[in-house]
Structures are given as C-alpha cells and as structure tokens.
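Here the numbering used here is used: the first residue of the sequence shown is 74, the next is one more, and so on. Single-structure report; data block below.
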Amino acid sequence: MENKFDEQYGLEVKDLFERLFPICRSITGNGVRQTLSILKKITDFKIEEIPSGTECYDWTVPKEWNIIDAYVEDSTGKKVIDFKKNNLHLVNYSIPIDEILSFQDLEKHLFTLPDLPDAIPYRTTYYKEDWGFCLTYEQFKYLNKNEKYHVKIDSSLKPGNLTYGEYVINGNSGKEFLISTYCCHPSLANDNLSGPILWTYLLKELKSKKLHHSYRFIIVPETIGAIAYLSKNEKEMQKITGGFILTCTAGPGKVYDYKQTFLGDHLVDQTVAKIFKNNETSFTLYPFDINGSDETHYSAPYFRIPMGTICRKKYYEYDYYHTSLDNLDFINPKNLIETLNLHLQIIDELENYLPNDINKNSKSIAKQNNEDCYLSLNPYCEPMLSKRGLYPTLGGSIKQKAYDFEKEHLDRNYVLNSEISHSGSEIDAIGWLMFYGDGNTSLDTISVKSGLSKSLLEKTSQKLLNYKLLQIKKGDK
Ligand code: ZN
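As structure tokens, then:
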C-alpha cells in the first residue's frame, strides 16, 4: 500500500508521541486540556467543557481531578515509589493523603503484576474516593515489611469540568459518520495515545478533501465523555449512519485486528472487508463484544450506531495492555501512518455510496416478537453499575486482575456485595442483557451472540428486573 505521508508525517508523528506521552491524563483535569490544546495546533477543532454534577442519563459528570505530585518514601526520606518517574505509579483519581503508614497498611493500597514483574499496572478509581499506588513486582519485593512509610498524594478533587473536543465536517448527502476516540489514558502509548494522534491527522486530511457525507469527529474521555456527549447531542447522534472508534492504532506487527460493529454486516463492516481484501492485508476478525470501548454506548438501544474498530494490536489482546510496557518502544509511528492511510481508503470507499445505497446497505436487527424479550429502562448507554454495587469500582483491570496480597487471591478488584456475585460472567451477562434490551432480541439469540449460557442470562435478567433496569416484553407465542 502506498505510504504517501511517510516523509511528511513520520518525524512529526514521532515528535507528537514524545510530547504527549508524559502528560498525566485522566477523565477530567488539566492533562486532558493540555493534550487537546497541543492537538488543536495541528488542526483546529472546538474544545468544550461540561460542569461536574451534570446529569447525563444514568451517569453524573464527576468532580475534576488534578495531580501535582505523589510518592511513598521510607524513614530515610528515600522515595521508593515516585509518580514523577512514571505517572502510572499512582492509581488515577486518587484522593489527597499525607500519612505515615506501616507496611501492612500501605500494602492494602498497592497493585502489582507478578506475571509481568517489570511492568507497572494501570489502575483507576474514578467513581469511588480512594487512593493507591501501582508498582512493578520487582520494586515491591524490595519493600521492607518492618518499615514505616510516608505516603503523600498532592491531588485535588473538586467541582470543575469534563473537557472534550469535536469538529463536524459538513457534506451534502444527508448522511453522517462518526469518528470517535478517547483521551483519558495517562502514559500509555498504543492504548491509547495512538488514538488521539490518528484522530487528529485523519481530521486534518479529511478537511482538505471535498466530501459528500458529513463526518463528526469527537475526542472524549472514555465512557463518561461519550455518554455526556450522547446526552448533549441526542438528536444529532440518533441520525448517524455508522462510524469508527480510533484506538490502538500503532502497535507492532503487520497484522491488523478488526472488531465488527454489533450488526456484523453493516456497510461499515462491508467496506472494511473490501479494503482489506483489495490491499491483500491480513487481519484478525473479532466479532462485536459489549466489552471494549465507547461503541457499547454509541450502539446502545436508543442510538444503535454501528461502530467498527480497526487496531494494530487490539486492547486486551497483548500482554503489555494497560501496563507501563505499552510505551513509546512498543509502538511505531510508521504503523500509525499506515493505519491512517487505511482509514482514508475506507472513507474514500464510503464516499462512493449514494444516500440510497447507504439506506439499502444498513441492515438492522430482525424482529423476533414471538419470544419474550426485555426492554431496557436505561436504553441510552451502559447503566452506571457501580452506584448500584453491581460493578468493580477499581478500573483498568478488566481481563487482567491485579494480585491481592491481602487475601492472596485474584479478585481484589471486585467489591464484595452480598446480593451480587462479581464473577466476570455475571457482569458480562448484565452488559449483554442491557445491550440487547431492545424488546426484539430473545434470550436464545443473546446466548448465541454472547456465548453465555441461557440459564445465567435468565438468572441475571431476574436481578435486572428487580433493579428496574429491565422490563419484560411478552412475546406473541
Ligand atoms: Zn484502555
């Protein structure tokens, strides 16, 4: 495939990775503002803010978090864990603290990955006021069990804003596509600094073209940003034909990964398959899964925007995912430029479709009214499960659990709740049931799509009926 931007962009992209990588981003705060203002210099877009406390469907924009410094020092004043060396050392959204603690008390707030002993894990605590540090297992082994440690986190958590960016390129076909990425990860290169960088260059390239369709570019903090955006732009978002999530775009290797839209055979999926075939590009196909990024919200029953995701090493699928080893050595700016060219080819192909062709090619879920189905009472996005005690409050660890020193087992990240067991499969069942709470999809179909047993889905749906998240829709039979 032709790489006409290699020379023009290669060094520029590398330089941008280096400038943005050290910034401590989060779902709110100055890290996001600084990142967006650097990207805006490459190509202009609008930066907007939504105040803390704003209700967005089932969610609320949280207080704004900012961080100055954080460390753990021993009694000689030596910093044994230092945020300034790597911002992943601090659990993102940690509350301020300044205390002397025994090793045993400190240990309850430490996270490591014994299977990847040189890696610092990435953890967050957005929706529970808590604190913690992440460190390599090698570092952890050298901590002294008889030592008293001074723990200092100089952070602030106050009413402020959630910051995001957007730009709409207006065509005249009456059809609009969505290009979305997330800007909330701190020093992590493939997932997901590569997303915002690709987003910016794709926007810049498309602005220079004469386009028939419209393209809505949004750059938001993951989950809460996408939900806040949907809630603020409900009417416009309902009309969107389909789109792409940009994430993990610069990982190593020649092979691409493609996560299908929830329809699997939408125009977006067909176009991606066609371009891969024309280019003779090898790729690994991932069917839609409710676990992932913001496609789950954009494709929620009320909006149903089919979103595809093309990756160079998809999140969850590489060992360094959500660790300090997903760094600038892991990615390659040249691969990002190849991924950029691929998206430009796909958009060129979408441009060939007339509005009527698009209507014909946009398939929708078949109705199955003979069976009992469920109707989501929160159809706009994934429901906020942690406020109901239905979800782990420590984020970043899905598919990769931190080791629990205290209990010596692997499920520390799940908050105990007498009513709900926090097995991964039950959380999955909740997600799939809510996603297919469109009143048209039977439990049999959900079982096939999710790979979960019908008995687990039945049991979980009873809980969701009790929590008033679902309501039953009787079939004709
Ligand atoms: Zn991530």
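Where is the CB? At the ideal position from N, CA and C, for every residue including glycine. From a predicted model like this one, the values you see are computed outputs, not experimental measurements.
Item, Value
"Bounding residues of the alpha helix (DSSP H) (the contiguous stretch that carries H370)", "368–371"
"Inter-stretch contact at 8 Å, needing at least 3 Cβ pairs: the region 403–411 / the region 319–338", "yes"
"Cα-Cα separation, V328 to S366", "21 Å"
"Closest Cα partner of I193 within the set L183, T354, E531", "L183"
"Environment of G552 [buried if 16+ CB atoms lie within 10 Å]", "Coverage of the chain is limited to positions 74 through 550, which leaves residue 552 absent and any answer about it impossible."
"Whole-Å CB distance - S253 paired with I318, under 8 Å assumed", "6 Å"
"DSSP state of S73 mapped onto helix, strand, coil", "What is shown of the chain runs 74 to 550, which leaves residue 73 out entirely."
"For C384: DSSP bridge partner residues", "D330"
"heavy atom of the ligand ZN below 7 Å from D264 C-beta", "yes"
"Test item: CB-CB of S287 and F94 under 8 Å", "no"
"Alpha-carbon spacing of L208 relative to P452, whole angstroms", "39 Å"
"G381 and P360 closer than 8 Å at C-beta", "no"
"Local Cβ density within 10 Å of L84, reported as buried at 16 or more and exposed below that", "exposed"
"Alpha-carbon to alpha-carbon, N364 and L525", "14 Å"
"For A475, three-class secondary structure by DSSP", "Low confidence applies to A475: its pLDDT is 35, below 50, so where it sits in the model is not reliable, and the reading given next is rough at best. Looking at A475 - three-state DSSP - the assignment turns out to be coil, as it is neither helix nor strand."
"N-terminal and C-terminal residue of the beta strand (DSSP E) that I173 is part of", "170–175"
"Distance, F156 Cα to V488 Cα", "In this prediction, V488 has a pLDDT of 31, which is less than 50 and means its spatial position is unreliable; what the coordinates show is noted afterwards. Near 26 Å, if we compare the C-alpha coordinates of F156 and V488."
"Candidates I378, Y375, N306, G233, of which the one nearest N103 by Cα", "G233"
"Check: Y509 C-beta below 7 Å from any heavy atom of the ligand ZN", "no"
"CA-to-CA distance, K231 to Y200, given in whole angstroms", "13 Å"
"Option nearest E455 by Cα separation, candidates T518, L543, N513", "L543"
"Cβ pair I300, E422 closer than 8 Å", "no"
"Straight-line Cα distance separating L179 from P169", "15 Å"
"Boundaries (first-last residue) of the alpha helix (DSSP H) holding L271", "267–280"
"Short Cβ contact (8 Å threshold) for T108 with L276", "no"
"Span separating the alpha-carbon of Y215 from that of P190", "12 Å"
"Check: Y359 C-beta below 7 Å from any heavy atom of the ligand ZN", "no"
"H370 CB to nearest heavy atom of the ligand ZN below 7 Å", "no"
"First and last residue of the uninterrupted alpha helix (DSSP H) at A346", "340–352"
"The ligand ZN heavy atom lying under 7 Å from the CB of Y199", "no"
"Beta carbon of Y331 nearer than 8 Å to that of V345", "yes"
"Three-state secondary structure assigned by DSSP to K158", "coil"
"heavy atom of the ligand MN below 7 Å from H223 C-beta", "This structure simply doesn't include the ligand MN; it includes the ligand ZN instead."
"Own chain partners of D399 with C-beta closer than 7 Å, once the 5 adjacent residues on each side are dropped", "L261, A262, N263, D264, Y393"
"The ligand ZN heavy atom lying under 7 Å from the CB of Y388", "yes"
"Cβ separation of T412 and L271, assumed to be a contact under 8 Å, to the nearest whole Å", "6 Å"
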